[in-house]
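Q: Sharing a structure with you now.
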Amino acid sequence: DRFIFLEEGELVEITAAEVSIFGHNKDVVESRAVTLDERHDGADKGNYRHYMQKEIFEQPAAIERTLAGRVSDKHVLTHAFGIAAESVFREVGAVQIVACGSSYYTGLVAKYWFEEYAGIPCQVEIASELRYRKTVVLPKTLLVTISQSGETADTLAALRNAKDKNYIASLCLCNVPNSTLVRESDLSLMLEAGIEICVASTKAFTNQLVDLLLLVGAIGQYNELDDAGHRELVDALRTLPDVVKSTLKLDDQIRHIAEKFVDKDHALFLGRGSHYPIALEGALKLKEISYIHAEGYPAGELKHGPLALVDDDMPVVAVAPGDELIEKLKSNLEEVRARGAELVVFADEHVTMREAERVTVLKVPSCSALISPIVYTIPVQLLAYHVAVYKGTDVDQPRNLAKSVTVE
């Protein structure tokens, strides 16, 4: 359980008596042995049928862990990101997020947060695309990489390619201490999600969102996030574990709804604003573990193509928080209902939306708009899980997929 990570160009001599490390100039380098944390408290399914189910229900505790020691009564504690974080964050004028898969979707949510609350531009790129194209880096840009494992090949390559760019620093969000991404980044924040065994990410996904919101608070305080806004952000995060616990109580209702998807070949997920990436994540989860083809779309884009696919054999799932876009979303959903589609709506408990034939409305606990995208992640996770169980697929190890993508 003890490792020595070598720097580029170092040599090692191993004898029966000792291990010696030599630097570029052949001088002996002091040993940097580290002991890896070998806690396996998450390796037992306990009373749960699958690891995915267990990890979904572990999310309130996982969120509490990632918040512990990182927020005061009024502020995000900048030092949680590293001793050099404050000096870096004071200079940040833009953010570039790089990730793959579900982690990319968390970056898309963060783009809304950074621009609305911190008032700084944020770009989000898929790592496998960014690494192979010429880029223009905005002045004073912080590079943020996101990876559950810290070993994602494309994300690592994007980080390494960025070394000769004009970024002011690199920061990673990762669930594995001492991973390559952590060791090669200037700053890091551990997700503290605990071990995640199911290939489809759940608690690491929500903790990525939580930690990105912490980052918005930490950077935003030096930009357009005033003290009142910062306090609102912290207060919202403190309520999150309890709101997620309440949302998990929808499990039985969602299990019954999932039966409607079993014999379907396609599904459409809709969202608006910062909940559009949650629609993308819901579609990805469904296709990953149930093998049903699913797409996530901005609800406002329905008439630009997807509406042609909607009929009584294509269920549509909508994420409907009680925000300023709710009336526009209702209009979009009327278009869907008129085509005879099976419509499932996850709606804020205070939103007036009536059930009707082939329309099911599930009430999600009301919460701050800041944490709403995190809360609405829970129902789409549960839906994908129960559909996969009904279909009899391998929920924890879906075909053709791996937990950590370490090759191109």
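Position 150, counted from 1, in the sequence shown is what the numbering used here calls 362; the numbers after and before it change by one each time, with no gaps. For each residue, glycine too, the CB sits at the ideal point set by N, CA and C.
Which residue's Cα is closest to the Cα of L460: Q271, A228, V231 and L223?
A: Considering only alpha carbons, the answer is Q271.
Q: Please confirm whether K476 and D525 have their CB atoms less than 8 Å apart.
A: Yes, Cβ-Cβ distance for K476 and D525 is below 8 Å.
Q: Can you list, in chain order, the residues of its chain with a C-beta nearer than 6 Å to that of A370? Leave out the 5 residues immediately preceding and following it.
A: Within the same chain, A370 has close Cβ partners V310, A339, L342 and R343.
Q: Looking at V307 and A623, is the spacing between their C-beta atoms short of 8 Å?
A: With the chain covering 213 to 620 only, the question about residue 623 has no answer from this structure.
Q: Given a cut-off of 8 Å, decide if V456 and H487 are closer than it, judged by their beta-carbon atoms.
A: Going by C-beta atoms, H487 is not nearer than 8 Å to V456.
Q: Distance check for T227 and H505, CA to CA, integer angstroms please.
A: Cα to Cα, H505 sits roughly 56 Å from T227.
Q: Hey, quick one: how far does the alpha helix (DSSP H) through M402 stretch, first residue to last?
A: Run containing M402: none in the alpha helix (DSSP H); it sits in the beta strand (DSSP E), L399 to M402.
Q: Exposed or buried, what is L613 when buried is set at 16 or more other beta-carbons lying within 10 Å of its beta-carbon?
A: Exposed, by the Cβ-count rule.
Q: Pull up the CB-CB distance for M565 and V573, whole angstroms please, since I reckon it's below 8 Å.
A: With a Cβ gap of about 5 Å, M565 and V573 count as contacting.
Q: Is the beta carbon of L383 closer than 8 Å to that of D398?
A: Closer than 8 Å, so yes.
Q: Please classify G441: does DSSP put it in a helix, a strand, or coil?
A: Helix at G441.
Q: Taking the Cβ atom as the reference point for each residue, do I275 and P518 lie within a distance shorter than 8 Å?
A: Result no, Cβ atoms of I275 and P518 do not sit closer than 8 Å.
Q: Enumerate in chain order the residues of its own chain whose CB-to-CB distance from Q433 is below 6 Å, with the five nearest sequence positions on each side excluded.
A: Contacts found: H442.
Q: Reducing DSSP to helix, strand and coil, say where V231 ends up.
A: Strand at V231.
Q: Closer than 7 Å by C-beta to E561: which residues in its own chain qualify, once you throw out the five before and the five after it? Chain order, please.
A: Closer than 7 Å at Cβ, skipping near neighbours: K575, V576, P577 and S578.
Q: Identify, in the order they occur along the chain, each residue of the same chain with its Cβ nearer than 6 Å to the Cβ of V224, setting aside the five sequence neighbours on each side.
A: Answer for V224: I233, listed in chain order.
Q: Does DSSP classify S359 as helix, strand or coil?
A: It is a strand residue.
Q: Consult DSSP for T367 and reduce its assignment to one of helix, strand or coil.
A: It is helical.
Q: May I ask you to report which of helix, strand or coil DSSP gives E436?
A: In this structure, E436 counts as coil in the three-state DSSP scheme.
Q: Can you tell me where the beta strand (DSSP E) with P333 in it begins and where it stops?
A: First-last for P333: undefined, no H or E at that position.
Q: Considering only their Cβ atoms, is the gap separating I332 from V349 smaller than 8 Å?
A: Not closer than 8 Å, so no.
Q: Looking at A330 and V428, is the spacing between their C-beta atoms short of 8 Å?
A: Cβ atoms of V428 and A330: closer than 8 Å.
Q: Three or more C-beta pairs closer than 8 Å, one from the region 494-502 and one from the region 599-611: is that the case here?
A: The region 494-502 vs the region 599-611: in contact.
Q: For T459, list the residues DSSP reports as bridge partners.
A: Looking at the DSSP assignment, T459 forms no beta bridge with any residue, so it has no partner.
Q: In whole angstroms, give me the CA-to-CA distance for H516 and L426.
A: Rounded to whole angstroms, H516 to L426 spans 36 Å at the Cα level.
Q: So for P477, helix, strand or coil by DSSP?
A: One detail in the question is off: residue 477 reads as Asp in this sequence, not Pro. DSSP places D477 in coil when its eight states are reduced to three.
Q: Out of curiosity, what's the CA-to-CA distance linking F558 and P533?
A: Cα-Cα distance, rounded: 8 Å.
Q: Under a Cβ-count criterion, where at least 16 other Cβ atoms within 10 Å of its own Cβ denotes burial, should I295 be classed as buried or exposed?
A: Classification for I295: exposed.
Q: Between the Cα of D463 and the Cα atoms of K266, A479, A553 and N544, which residue gives the shortest distance?
A: Considering only alpha carbons, the answer is K266.
Q: Using only the alpha-carbon positions, how far apart do V411 and P610 sit?
A: Cα-Cα distance, rounded: 7 Å.
Q: How far does the beta strand (DSSP E) with Y260 in it extend, from its first residue to its last?
A: Note, Y260: premise wrong, no beta strand (DSSP E); not H, not E.
Q: What does the Cβ neighbour count give for S543, buried or exposed, with the cut at 16 atoms within 10 Å?
A: Per the 10 Å Cβ criterion, exposed.
Q: Please report how far the alpha carbon of I490 lies from the alpha carbon of G319, in whole angstroms.
A: Going from the Cα of I490 to the Cα of G319 covers about 11 Å.
Q: From the DSSP output, in three-state form, read off Q609 for me.
A: Q609 falls in the coil class under three-state DSSP.
Q: Along the chain, where does the alpha helix (DSSP H) containing F293 start, and where does it finish?
A: Segment: none, F293 is in no alpha helix (DSSP H) and carries neither H nor E.
Q: Between L555 and V548, how many whole angstroms is the CB-CB distance? I'm expecting something under 8 Å.
A: L555 to V548, Cβ: 6 Å. Contact.
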